[in-house]
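Peer 1: The structure under discussion is supplied below as structure tokens; questions concerning it will follow.
In the working numbering, the protein residues as written are 6 to 122.
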């Protein structure tokens with residue numbers, strides 16, 4: 006629980022989002038999914054250099070279960086699907102930007118503080 010300005014905020018209001026976001030590949034996957042209108046599985050593997058099929062499949066399943074990603078079958082193509090962020094996924098992705106900006110600034114400050122002249 007975080008208390009700020011007289012209000013309380015639950016750290017996990019959407020049942021598992023924080024657990025899912027903490028898993029390897031989730032944040033880069035959210036980035037890639039939001040940068041493109043539709044993504045096939047193999048395109049995601051290529052975009053996420055080093056991710057294995059099992060890990061990617063697990064992250065996609067987690068994000069689908071949370072309503073952040075939608076899987077759409079491509080008509081006329083057996084076994085092909087496109088993955089897209091849902092509106093809720095887009096909102097979460099936008100909400101992550103200030104955290105990523107803070108982390109980048111903090112990392113830069115750490116590098117400056119530890120740099121030797």
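Just so you know, even glycine gets a beta-carbon here, dropped at the ideal spot from N, CA and C.
With DSSP run on the structure shown, which of helix, strand or coil describes residue 37?
Peer 2: If DSSP states are grouped into helix, strand and coil, residue 37 belongs with the helices.
Peer 1: Mind pulling the alpha helix (DSSP H) runs of 4 or more residues that sit fully within the region 36–102?
Peer 2: Counting whole runs of 4 or more residues, the region 36–102 contains the alpha helix (DSSP H) stretches 46–52 and 58–70.
Peer 1: Pull up the distance between the alpha-carbon of residue 53 and that of residue 47, whole angstroms please.
Peer 2: Spanning the two alpha carbons is a distance of roughly 10 Å.
Peer 1: With 16 as the cutoff for other CB atoms within 10 Å, does residue 6 come out buried or exposed?
Peer 2: Residue 6 comes out exposed.
Peer 1: What are the boundary residues of the alpha helix (DSSP H) that includes residue 24?
Peer 2: Where residue 24 is concerned, the enclosing alpha helix (DSSP H) stretches over 22–26.
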